[in-house]
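Here the protein sequences line up with chains P and A, keeping their order.
Heads up, the first sequence is in the numbering used here, so the first residue is 1 and it goes up one at a time.
Heads up, the second sequence is in the numbering used here, so the first residue is 1001 and it goes up one at a time.
Working notes, beginning with the structure itself.
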Amino acid sequence: MTSELPDTRNRLIAEYALRLGDDALVLCQRLCAWVTNAPTIEEDLALSNIALDLLGQARTLLAFSGRSDGTNRSDDDLAYRRTEREFRNALLLELPGGDFAFTIARQLAYTHYTSLLYGQLAASADEGLASFATRAAKEAEYHCLHASQWTVRLGLGTEESHRRMQSGLEHIWPYAAELFEADDLTTRLDTEGTAVAPAGLRAAWEREVTGVLTEAGLTVPAPSWQATGGRSGVHTEVFAPLLAEFQSVFRQYPGGLW
Amino acid sequence: MDTDQVRARVETVPDPELPMVTLADLGVIRSVREDADRVVEVVVTPTYLGCPALPVMEADLRTVLAECGHPDGRVTWALSPAWTTDWISERGREQLAAHGIVPPGDAGAPLPVRLGLGRPCPNCGSVATRPLGPFGSTGCQTILVCTACRESFPHMKAV
């Protein structure tokens, strides 16, 4: 018997899991840069704990993707042995640090998106995705609470914190739109009840986020453009240095184990 | 050792981060059983996907299986149903409280409100407590502060 090619459906599921896993992995790396630099020690702990949750989610998704696509690549293989063009994260997650308000603006957009996404994905017909999402949705709820509270605090804080929070929102808004981009893969998997087409989450996301921004006295941005490219591996110029740093230890000590 | 004896031994393994409670008390151990191929399998549910203690839990369980005469025993992670703090046993809750960690409330309850009455302070008993930081020294804890005695204290968050 010759070895079988993995069937198309499994490869699509693997690609879908890879996107979600890459989002979590890349944002984890960005959040880690805040450790020891956050405004308070409690915030150091909060951001590093959120990063740790994202790392756990990324590892679960990447390992699942490697099993599903028939290559049997591990989470480490996928995190450390891929090049820039092979990453499928949305561009929002790779944008460089900025100030604390920018980070909170990105957290607000991403956590409300994942909270809604994982909440629905928990009902996926695919057991692997469903069990991951059931767990991850609970974690996302806390991340949402954290981002929303900070948004209100900064929005209603001082003139300067309000200005920075609004500016962070203006910066990330065109990138947040990419999270809801429609394409054949998610449409097809959504139709068969396996994945969640992100476009369908947009209205609920806008309602939730607008609620927080209103409470914070902030204005919902109205950008004139929308980012795209991350899902097909076309990244911004800041991504290569991020990946180089992220993969440096693995490349310096090939085959090294803990 | 037969499966029942192995189960009894597995149920004594402490949590690596909160050693005052066992993995069984936390509700992390889902089952200990012998498969058709006579391999003993321990099924565990992760608390949080990114919990850094997960590899240690697995290693500790493997060690115990080997000590019980099952060096080929398996440790399997099951994500579904998702772990909830509602699975923490009464003994586990008492142990947490005895070590100054306020045990979690009902997992179905809404997330903490910004103002109002909080979990009772383990130092003075006042309920005039409020959230200080959403995450504590481990991912499963949050930090509260008591406005009466000014002490801060950890609380295991309900999930």
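Where is the CB? At the ideal position from N, CA and C, for every residue including glycine.
Since we're looking at a predicted model, the values are computed, not measured.
Item                                                                                                            : Value
Buried or exposed (CB count within 10 angstroms, at least 16 for buried), A:R1114                               : Only weak support exists for where A:R1114 lies, its pLDDT of 49 falling under 50; the value from the coordinates is given anyway. Per the 10 Å Cβ criterion, exposed.
Alpha helix (DSSP H) segments (min. 4 residues) lying fully within the region 39–105 of chain P                 : 41–68 and 75–80
7 Å CB neighbourhood of A:E1011 in its chain, flanking five on each side removed                                : T1022, A1024 and I1029
contact_flag[the region 106–118 of chain P, the region 139–158 of chain P] where n(CB pairs < 8 Å) is 3 or more : yes
Proximal chain P residues relative to A:P1052, where beta-carbon distance stays under 8 Å                       : L52
Through-space distance from P:F102 to P:R164, alpha-carbon basis                                                : 7 Å
Cβ separation of P:R88 and P:R19, assumed to be a contact under 8 Å, to the nearest whole Å                     : 4 Å
Same chain, Cβ closer than 7 Å to P:K138, five either side skipped, listed in chain order                       : none
Residue nearest to A:R1033 in terms of C-alpha spacing, selected from A:V1006, A:R1150, A:V1056 and A:D1015     : A:V1006
Proximal chain B residues relative to P:H146, where beta-carbon distance stays under 9 Å                        : No chain B is part of this structure, whose protein chains are labelled P and A.
Pick from P:A17, P:F100, P:W173 and P:A177 that is closest to P:E127, judged by C-alpha positions               : P:A17
Closest by C-alpha distance to P:S224, when choosing among P:E237, P:G217 and P:A176                            : P:A176
8 Å Cβ cutoff met for A:A1109 and A:P1103                                                                       : no
Any chain A beta carbon closer than 8 Å to P:S65                                                                : no
Minimum C-alpha distance to P:A222 - residue among P:L169, P:Q29 and P:A216                                     : P:L169
Beta-bridge partners of A:L1144, as assigned by DSSP                                                            : A:P1131 and A:F1153
Test: A:L1079 CB closer than 8 Å to a CB of chain P                                                             : yes
Beta-bridge pairing of A:R1007 - partner residues as DSSP gives them                                            : Note: A:R1007 sits in no beta bridge, so no partner.
Residues sharing a beta bridge with A:W1077, DSSP                                                               : A:V1044
Opposing strand residues paired with A:T1022 [DSSP bridges]                                                     : A:P1014
Where the alpha helix (DSSP H) through P:I13 begins and ends                                                    : T8 to C32
Minimum Cβ-Cβ distance from A:G1125 to chain P less than 8 Å                                                    : no
C-beta atoms of P:L55 and P:W34 nearer than 8 Å                                                                 : no
Beta carbon of A:C1051 nearer than 8 Å to that of A:G1136                                                       : no
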